[in-house]
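Worksheet for the structure shown next.
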Amino acid sequence: MKLTKSFTICVSLVVFVGCSSRTERVNKYLVKGDHLAAEGDTARAILEYKSALQLDPKNIRVRLSLGKCYGTQARYSESYRQFMIALELNPESDEARLEIAALLARGNKTQAQRALDELAQLKAPKDYEPRYSIIQAESYLNLGQPKDAITILSPLGDGDKDKDIQRLLAFCFRQLRDFEKMKNAARTWQALAPSEIPPYILMARYFYQAKDKEGVLKELDAMVKSNGNQGQLTLLRARILEDFGMIKEAKAAFEVLPPELLRERAHFFLRHGEEEKAEETFRQVLSDQPENIDIVIELSQLLRSRQRLNSARDLLDKTMALSLSDSDKERIFQEKAILYAFQGKLRDAHDMCTKILKGNQSNVDARFLLGKILFRLGELEQAELNLNQVAVARPELSEAHVLLARCQLANKKNSLAEETLQKVLRLHPSDPMLRMELVDFYMHLKNSPRALKVLEDGLTLKPDDVGFLVKRGAIRRAEKNYPEAEKDFQYLIQVHPSSFTGYIEMGRLRYMQARPDEAITWFKQAMTKKDGLEQALEALLGIYHERKEFDTAATLLKSLLKDAPDTPSLHYYLGMTYMVQELWEKGEKELLAASTLAPQWSSPYIALAKMYIKQGKLNKAVDEFEQTYQRQPTLPVGLQLAALYESCGNWKDGIKVYQQMLERNGDIPILLNNLAFSYAEYYSEKERLKEAARMAAQSLSIKPGNPTYLDTAAWVAYKQGKLDTAWDYIQKALDISPNEGICNLHAAIILHEKGDAKEALQYLEKAMKYQLDPLFRDKAVLLQKQWSNKQGRKS
Numbered sequence: 001m002k003l004t005k006s007f008t009i010c011v012s013l014v015v016f017v018g019c020s021s022r023t024e025r026v027n028k029y030l031v032k033g034d035h036l037a038a039e040g041d042t043a044r045a046i047l048e049y050k051s052a053l054q055l056d057p058k059n060i061r062v063r064l065s066l067g068k069c070y071g072t073q074a075r076y077s078e079s080y081r082q083f084m085i086a087l088e089l090n091p092e093s094d095e096a097r098l099e100i101a102a103l104l105a106r107g108n109k110t111q112a113q114r115a116l117d118e119l120a121q122l123k124a125p126k127d128y129e130p131r132y133s134i135i136q137a138e139s140y141l142n143l144g145q146p147k148d149a150i151t152i153l154s155p156l157g158d159g160d161k162d163k164d165i166q167r168l169l170a171f172c173f174r175q176l177r178d179f180e181k182m183k184n185a186a187r188t189w190q191a192l193a194p195s196e197i198p199p200y201i202l203m204a205r206y207f208y209q210a211k212d213k214e215g216v217l218k219e220l221d222a223m224v225k226s227n228g229n230q231g232q233l234t235l236l237r238a239r240i241l242e243d244f245g246m247i248k249e250a251k252a253a254f255e256v257l258p259p260e261l262l263r264e265r266a267h268f269f270l271r272h273g274e275e276e277k278a279e280e281t282f283r284q285v286l287s288d289q290p291e292n293i294d295i296v297i298e299l300s301q302l303l304r305s306r307q308r309l310n311s312a313r314d315l316l317d318k319t320m321a322l323s324l325s326d327s328d329k330e331r332i333f334q335e336k337a338i339l340y341a342f343q344g345k346l347r348d349a350h351d352m353c354t355k356i357l358k359g360n361q362s363n364v365d366a367r368f369l370l371g372k373i374l375f376r377l378g379e380l381e382q383a384e385l386n387l388n389q390v391a392v393a394r395p396e397l398s399e400a401h402v403l404l405a406r407c408q409l410a411n412k413k414n415s416l417a418e419e420t421l422q423k424v425l426r427l428h429p430s431d432p433m434l435r436m437e438l439v440d441f442y443m444h445l446k447n448s449p450r451a452l453k454v455l456e457d458g459l460t461l462k463p464d465d466v467g468f469l470v471k472r473g474a475i476r477r478a479e480k481n482y483p484e485a486e487k488d489f490q491y492l493i494q495v496h497p498s499s500f501t502g503y504i505e506m507g508r509l510r511y512m513q514a515r516p517d518e519a520i521t522w523f524k525q526a527m528t529k530k531d532g533l534e535q536a537l538e539a540l541l542g543i544y545h546e547r548k549e550f551d552t553a554a555t556l557l558k559s560l561l562k563d564a565p566d567t568p569s570l571h572y573y574l575g576m577t578y579m580v581q582e583l584w585e586k587g588e589k590e591l592l593a594a595s596t597l598a599p600q601w602s603s604p605y606i607a608l609a610k611m612y613i614k615q616g617k618l619n620k621a622v623d624e625f626e627q628t629y630q631r632q633p634t635l636p637v638g639l640q641l642a643a644l645y646e647s648c649g650n651w652k653d654g655i656k657v658y659q660q661m662l663e664r665n666g667d668i669p670i671l672l673n674n675l676a677f678s679y680a681e682y683y684s685e686k687e688r689l690k691e692a693a694r695m696a697a698q699s700l701s702i703k704p705g706n707p708t709y710l711d712t713a714a715w716v717a718y719k720q721g722k723l724d725t726a727w728d729y730i731q732k733a734l735d736i737s738p739n740e741g742i743c744n745l746h747a748a749i750i751l752h753e754k755g756d757a758k759e760a761l762q763y764l765e766k767a768m769k770y771q772l773d774p775l776f777r778d779k780a781v782l783l784q785k786q787w788s789n790k791q792g793r794k795s
């Protein structure tokens, strides 16, 4: 078809008018965006620039303006992206290259060097002075070359009127430790930009390092005042004082924060162990904002940690009675489920999680909690199913993968457990918990070469990691590869000379090599390191007691007590030293002192009970602990009272004490374990044994590598007639603790029931070599007599 001349002209006019209209609209958006940006309204300015880019995505002017706005909002990666697009659109753009250099100059050394490379490519750097020189100087400063930066800044005219020049000079002089010039530059910077925060913090840090508290306070007060006493700046002031370790001043600062920052005050009290004040502050917030779910949950968690479980439940129930959104109700239900689980009411917690998931299948936190509860209930297949969903939804959640692998291992899916741990470790190779879990997995399978390989890979990433070095050395030491173990421990000392760990491990190595004098030397060195006294002391005293050098041990402890008379462990160890010498009065005095100083520590109570029993004063022991339990029903006292009841044959009262403590203290592994053992020891009914198996599984789910808990699980399985399961558990216990008397006794009984009388007798004889409570020793003696007679008749 032939177009007429007039039609062609019309089309051209439409195209021209359309292009002109689009250009005008782009310019309109650009001008409006520039106006908003100049007024400080960067959020709306960005919207205008984005509208312009929809019409003209190749507009360099818009890209540069948008990049600058992102930079003002500290969205540096987005800012960098816009400048890079502008440079790609026009590689000759000096402005785009300058902005890229400005962003890079603030980064690490590699980025600072790249900034200098970008600046070197500018065709007309003089057109961008003094900003070009300022960016260049900042690059040199971040490269650790402050003198070069000063050389660049010094010739710049009107430098004393430019806040960026004064900022860089202040930091340059700080690097050079020329504090007088640093102060002059910082003061000029403050005068030029009185509302900027960094110069005040720079000066406050200078006064802190000069131990001038008054100077610190004056700078921080000036910072707040210069910005109109804003609430967020009063919080910053309080946090800086806390970071400086000026706790008294920080506390005063947190206590005068405005009402909207009361939560921050509560967090301060929590960080410093003032739980009552934290609770008081949380309640103050809730008095004005009863529907503040964040505060309700934080207060519930605080009450739970303080064992005030009824108060926590009442708080949640009271909140549920308010008019809440569905999402807030869900959060309260979830917190209540956690509270039930903490109390040991696992079925209630299970039902609560199920209710949450019925309304919201995508609640990963509720599903994770359900998985943990099912694991602790011993419902391993269902636990694995739920934990697998969590691991898929939250690949970053290491704990979910660890629990999933433990489920799979318990379900005898070893290959799947290994795959789970390897997969998540590939995602998070620097996660020490995951790496140690895989190491423990291989050690459980008695595959030390694979365990060592996992540790070596970890040490490639973190060559000086204390945990990895200790673990590798410990594996090598257990395998009697003493030279390689020594290399690990000596290297540990070399890279962490102020830590006690390497010295302790060297002492243990020398002890295993039957070189006790050298072990003592290493333990004494460990005692001088930070936090090393108690760990080293226990090992050191073990050698002194073994060699019957009781006077040496007592002299050492008395000298330490002169400097630290209120240290519970020193009284305890001195009491134990007297106890093994049967110096009962002295021992009792020291153990009572230890229990008074540390009422929540179980060891002094256990030692006192054993001391009374050894003196034939079992009734006195029971009376003493009954009275103590009435005064302070703490966990250590209750545990020992229950054990004393059992020693008297009054196991029913012992069980009652365990049940009371579970009700009061919640789902604590040692209570679950001890009650499970008592049920298995004294009952034969199927339902009671089933309950014992559930509790044993719960305690193991919380602490899977505990040999005592493994022994209980073995004994419960044995009483249920599950001999193969019992043998599997007891072997795991003996792998971890081969010299435990009770574990060897139970191994003997289980093996004898399985029909291997000869090896059972060997385990029994081994049990007799190690420490056994009187009841179990009597049982072992009787069994040894019976089995030996049977063996004699057979032969």
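Residue 776 in my numbering sits at position 776 of the sequence shown, with consecutive numbering throughout.
For glycine and all other residues, C-beta sits at the position ideal for the given N, C-alpha and C.
I want to know whether the stretch 216 to 231 touches the stretch 188 to 203 - three or more CB-CB distances under 8 Å.
Taking 8 Å as the limit for Cβ pairs, the verdict is that the stretch 188 to 203 does touch the stretch 216 to 231.
Which same chain residues, not among the five before or five after Asn360, have their C-beta less than 8 Å away from its C-beta?
Your numbering for residue 360 matches position 360 in the sequence shown. Closer than 8 Å at the Cβ level, and outside the excluded window around Asn360, lie Glu330 and Ala366.
How long is the line joining the alpha carbons of Arg75 and Lys68, rounded to whole angstroms?
Residue 75 sits at position 75 when you count from the first residue of the sequence shown. Residue 68 sits at position 68 when you count from the first residue of the sequence shown. So the two alpha carbons sit approximately 10 Å from each other.
Could you name the residues that DSSP lists as bridge partners for Ser499?
The residue you call residue 499 lines up with position 499 of the sequence shown. Answer by DSSP bridge pairing, in chain order: Lys530.
For Pro825, collect the residues of the same chain with a Cβ closer than 6 Å to its Cβ; drop the 5 residues on either side in sequence, then sort them by chain order.
For residue 825 there is no data in the structure shown, the boundaries of the chain being 1 and 795.
Between which two residues does the alpha helix (DSSP H) harbouring His272 extend?
The count along the sequence shown starts at 1 and reaches residue 272 at position 272. It is not in any alpha helix (DSSP H) - His272 carries neither H nor E in the DSSP assignment.
Here's the rule I'm using: 16 or more other beta-carbon atoms within 10 Å means buried, otherwise exposed. How should His752 be labelled?
To locate residue 752, count along the sequence shown from 1; it is residue 752. With 16 or more Cβ atoms within 10 Å of its Cβ, His752 is classed as buried.
Would the stretch 687 to 696 count as touching the stretch 669 to 676 if we require 3 or more Cβ pairs under 8 Å?
In short, these stretches touch, since the Cβ pair count reaches three.
Runs of 4 residues minimum, wholly inside the stretch 87 to 165: which ones carry the alpha helix (DSSP H) assignment?
94 to 105, 109 to 120, 131 to 142 and 146 to 153
Which residues mark the beginning and the end of the alpha helix (DSSP H) in which Ser327 is found?
Translated into the one-based positions of the sequence shown, residue 327 becomes position 327. Where Ser327 is concerned, the enclosing alpha helix (DSSP H) stretches over Asp326 to Gln343.
Could you give the DSSP three-state label for Trp727: helix, strand or coil?
By 1-based counting over the sequence shown, the position of residue 727 is 727. Three-state DSSP puts Trp727 in a helix.
Short of 6 Å in beta carbon distance, which residues of its chain neighbour Ala760, apart from the five on each side in sequence? Order them along the chain.
Reading the sequence shown from its first residue, position 760 is the one you call residue 760. Within the same chain, Ala760 has close Cβ partners Ala748, Leu751 and His752.
Can you list, in chain order, the stretches of the alpha helix (DSSP H) that have 4 or more residues and sit fully within the stretch 646 to 717?
651 to 665, 669 to 682 and 686 to 702
Classify His746 as helix, strand or coil using the three-state DSSP reduction.
By 1-based counting over the sequence shown, the position of residue 746 is 746. DSSP places His746 within a helical segment (H, G or I) once states are collapsed to three.
Kindly indicate the opening and closing residues of the alpha helix (DSSP H) around Thr555.
Along the sequence shown, one-based indexing puts residue 555 at 555. Per DSSP, Thr555 belongs to the alpha helix (DSSP H) from Phe550 to Asp563.
Quick one: Cα of Leu153 to Cα of Leu168, how far?
Within the sequence shown, residue 153 is the residue found at index 153, counting from 1. Within the sequence shown, residue 168 is the residue found at index 168, counting from 1. Cα to Cα, the separation comes out at about 9 Å.
If we count the other Cβ atoms within 10 Å of its Cβ and call it buried at 16 or more, is Ala112 buried or exposed?
Taking the first residue of the sequence shown as position 1, residue 112 is located at position 112. The residue in question, Ala112, is buried, as its Cβ has 16 or more Cβ neighbours within 10 Å.
Given a cut-off of 8 Å, decide if Thr420 and Lys434 are closer than it, judged by their beta-carbon atoms.
Locating residue 434 in the sequence shown gives position 434, where the first residue counts as 1. Locating residue 420 in the sequence shown gives position 420, where the first residue counts as 1. Per the sequence shown, the amino acid found at residue 434 is Leu instead of Lys. Contact: no.
Tell me whether the beta-carbon of Pro802 lies closer than 8 Å to the beta-carbon of Glu681.
Summary: the structure shown does not reach residue 802, with the chain confined to residues 1 through 795, and so no result is reported for it.
Hey, quick one: how far does the alpha helix (DSSP H) through Val256 stretch, first residue to last?
Within the sequence shown, residue 256 is the residue found at index 256, counting from 1. From DSSP, Val256 is part of no alpha helix (DSSP H); its letter is neither H nor E.
In its own chain, which residues sit with a C-beta less than 7 Å from the C-beta of Leu387, not counting the 5 before and 5 after it?
Within the sequence shown, the letter at position 387 stands for residue 387. These residues qualify, in order along the chain: Gly371, Ala400, Leu403, Leu404 and Cys407.
Taking the Cβ atom as the reference point for each residue, do Ile736 and Asp711 lie within a distance shorter than 8 Å?
Sequence index remark: in the sequence shown, residue 736 carries index 736 (1-based). Sequence index remark: in the sequence shown, residue 711 carries index 711 (1-based). Cβ atoms of Ile736 and Asp711: not closer than 8 Å.
Terminal residues of the continuous alpha helix (DSSP H) containing Asp178?
Mapped onto the sequence shown, residue 178 falls at position 178. Taken as a continuous stretch (DSSP letters only), Asp178 belongs to no alpha helix (DSSP H), as it is neither H nor E.
Have a look at Arg22 and Arg97 and give me their C-alpha separation to the nearest angstrom.
Locating residue 22 in the sequence shown gives position 22, counting from the first residue. Locating residue 97 in the sequence shown gives position 97, counting from the first residue. Taking C-alpha positions only, Arg22 is separated from Arg97 by approximately 28 Å.
Looking at His545 and Ala536, is the spacing between their C-beta atoms short of 8 Å?
Numbered from its first residue, the sequence shown carries residue 536 at position 536. Numbered from its first residue, the sequence shown carries residue 545 at position 545. Cβ atoms of Ala536 and His545: not closer than 8 Å.
For Ala43 and Ser305, I'd like the C-alpha separation in whole angstroms.
On the sequence shown, position 43 is the one that residue 43 refers to. On the sequence shown, position 305 is the one that residue 305 refers to. Each residue's Cα considered, the two are about 43 Å apart.
Is it the case that the stretch 659 to 668 contacts the stretch 629 to 639, given that we only count it when at least three CB pairs across the two stretches are under 8 Å?
Contact holds: three or more Cβ-Cβ distances are below 8 Å.
Quick one: Cα of Lys345 to Cα of Arg308, how far?
Sequence index remark: in the sequence shown, residue 345 carries index 345 (1-based). Sequence index remark: in the sequence shown, residue 308 carries index 308 (1-based). Cα to Cα, Lys345 sits roughly 15 Å from Arg308.
Among Thr528, Ser448 and Phe83, which residue has its Cα nearest to the Cα of Leu103?
Here residue 103 is taken as the residue at index 103 of the sequence shown, counted from 1. Answer by Cα proximity: Phe83.
Who are the Cβ neighbours of Asp834 in its own chain at under 8 Å, not counting the five residues just before and after it?
What is shown of the chain runs 1 to 795, which leaves residue 834 out entirely.
So, is Val392 buried or exposed, given that buried needs 16 or more other C-beta atoms within 10 angstroms?
Residue numbering aside, residue 392 sits at position 392 when the sequence shown is read from its first letter. That one is exposed.
Ignore the nearest five residues each way along the sequence and tell me which others in Ser699's own chain have a CB closer than 6 Å to its CB.
Position 699 of the sequence shown, counted from the first residue, corresponds to residue 699. Excluding positions up to five away in sequence, the list reads Pro669, Leu672, Asn673 and Tyr709.
At what residues does the alpha helix (DSSP H) containing Pro568 begin and finish?
By 1-based counting over the sequence shown, the position of residue 568 is 568. Where Pro568 is concerned, the enclosing alpha helix (DSSP H) stretches over Pro568 to Val580.
Among Leu241, Val781 and Leu723, which residue has its Cα nearest to the Cα of Gly884?
Missing from the structure shown is residue 884; the chain here goes from 1 to 795 and no further.
Which residue from Gly157, Gln343, Glu274 and Phe269 puts its Cα closest to that of Tyr665?
The sequence position of residue 665 within the sequence shown is 665, counting from 1. Note that residue 665 corresponds to Asn in the displayed sequence, not to Tyr. Among Gly157, Gln343, Glu274 and Phe269, the Cα nearest to that of Asn665 belongs to Gln343.
Please say whether Pro516 and Ile493 have beta carbons closer to each other than 8 Å?
The residue labelled residue 493 in the question sits at position 493 within the sequence shown. The residue labelled residue 516 in the question sits at position 516 within the sequence shown. Their beta carbons are not under 8 Å apart, which means Ile493 does not touch Pro516 by this criterion.
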